[in-house]
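Below is one structure, written out as structure tokens; the observations come after it.
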Ligand SMILES: [Zn+2]
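In structure tokens:
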């Protein structure tokens with residue numbers, strides 16, 4: 001049975017991105033695969049009145065079940081209203097779709113936005129696959145994110161050892177031929193909690209912590225110049241807060257040299273044509289850190305609600321921080 005996202009109370013990204021570019025902020029794209037994450041995302045978005053993109057990866061669909069996730073997103077719209085958010089602006093987005101069939105199935109299933117990631121394919125094949133997905137999605141007013149350039153790191157089943165920056169000279173041709181609605185680019189962000197090897201980083205002499213190489217803002221600028229006003233997406237943009245890494249390590253974890261993208265750089269990117277910033281690892285870290293701490297301090301607890309409640313609180317705090325201090329999207333969906 002096919003269902004349109006409009007029946008579910010969701011919106012696509014078109015208007016959201018247009019406003020974000022004009023307003024100099026970015027929309028948060030948070031991945032979810034369980035109830036506590038979704039509750040934290042919706043509570044944070046409702047409280048700050050921020051538009052939000054709920055992202056589901058292929059791995060999340062395999063983990064949680066595609067039908068369940070779809071109804072959870074539908075429930076999220078109603079939950080947001082219950083929290084007093086009169087006009088929730090919520091997108092349900094497929095993260096890293098790897099085939100036409102998967103994208104089509106999500107469109108048919110009520111997603112309002114899909115990503116087709118053909119970035120690992122030769123250029124012409126990427127164009128062809130993306131165009132095919134766009135043709136289908138646009139029939140149902142579903143927006144499509146495509147990708148040019150390869151990110152390093154691991155995210156679910158997406159992995160690459162090295163990154164290749166997006167070539168600014170290719171973007172006009174790609175967007176014209178595919179008619180995609182937004183473009184994920186590679187300017188030095190990376191998937192996962194280990195974005196850079198210690199060799200790629202320098203060390204802060206005061207704290208001894210790793211300092212990652214800066215993002216390639218010159219490449220971003222060149223792309224913006226070629227495609228003025230066109231929505232740009234940054235993947236792999238968790239900042240891997242050291243407080244969570246430290247909390248994990250203090251309470252039995254082992255995450256040596258985990259490092260992310262500094263928030264000042266993301267803030268700078270959000271003020272440009274970058275209008276969607278993907279954050280997944282930070283939520284995983286916040287949740288795990290809070291659970292580890294709670295269980296270490298309360299060895300007698302075995303009711304999941306006892307440790308998932310502080311985990312949910314910690315994620316919510318982190319989401320609000322991102323919305324207000326990094327993306328600047330608070331108050332943009334009143
Ligand atoms: Zn990604």
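In this note's numbering, the protein residues as written are 1 to 334. By construction, the Cβ of each residue, glycine as well, lies at the ideal position given by its N, Cα and C atoms.
Excluding the five sequence neighbours on either side, which residues of its own chain have a C-beta within less than 6 Å of the C-beta of residue 92, listed in chain order?
-> Once the five neighbours on either side are set aside, the close Cβ partners of residue 92 are 10, 54, 73, 111 and 112.
At a cut-off of 7 Å, is residue 278 close to ligand 1 when judged by its beta-carbon and the heavy atoms of the ligand?
-> Yes, the Cβ of residue 278 comes within 7 Å of a heavy atom of ligand 1.
Limits of the unbroken beta strand (DSSP E) element including residue 114 = Counted as a single uninterrupted DSSP element, the beta strand (DSSP E) harbouring residue 114 occupies residues 113-116.
Where residue 281 and residue 148 are concerned, what is the direct C-alpha to C-alpha distance, given to the nearest angstrom?
-> Rounded to the nearest angstrom, the two C-alpha atoms are 22 Å apart.
Hey, residue 180 and residue 259: beta-carbon distance below 8 Å or not?
-> In this structure, residue 259 does not lie closer than 8 Å to residue 180 by Cβ.
Beta strand (DSSP E) segment containing residue 31, residue limits = Start and end: 27-31.
Do you know offhand how far residue 133's Cα is from residue 119's?
-> Whole-angstrom Cα-Cα distance: 14 Å.
According to the neighbour-count rule (16 or more other Cβ atoms, all chains shown, within 10 Å of its Cβ), is residue 121 buried or exposed?
-> When all chains shown are included, residue 121 counts as exposed.
Just the C-alpha distance for residue 338 and residue 329, rounded to the nearest angstrom, thanks.
-> Not covered by the structure: residue 338. The range shown for the chain is 1 to 334.
Contact test: residue 331 Cβ vs ligand 1 heavy atom, cutoff 7 Å | No.
Quick one: what's got a C-beta closer than 6 Å to residue 106's C-beta in the same chain, skipping five residues either side?
-> If you ignore the 5 residues before and after residue 106, its C-beta comes within less than 6 Å of the C-beta of 94 and 114, all in its own chain and listed in chain order.
Give me the Cα-Cα distance between residue 175 and residue 142, rounded to the nearest whole angstrom.
-> Spanning the alpha carbons of residue 175 and residue 142 requires a straight line of approximately 17 Å.
Cβ distance (whole Å) where residue 165 is taken to contact residue 129 below 8 Å = Not quite, the Cβ-Cβ distance comes to about 21 Å (not below 8 Å), so this is no contact.
Would you say the beta carbon of residue 301 comes nearer than 7 Å to a heavy atom of ligand 1?
-> Taken from the Cβ of residue 301, every heavy atom of ligand 1 lies 7 Å or farther away.
From which residue to which residue does the alpha helix (DSSP H) around residue 249 run?
-> Run containing residue 249: 242-250, per the alpha helix (DSSP H) assignment.
Does DSSP put residue 138 in a helix, a strand or coil?
-> In this structure, residue 138 counts as helix in the three-state DSSP scheme.
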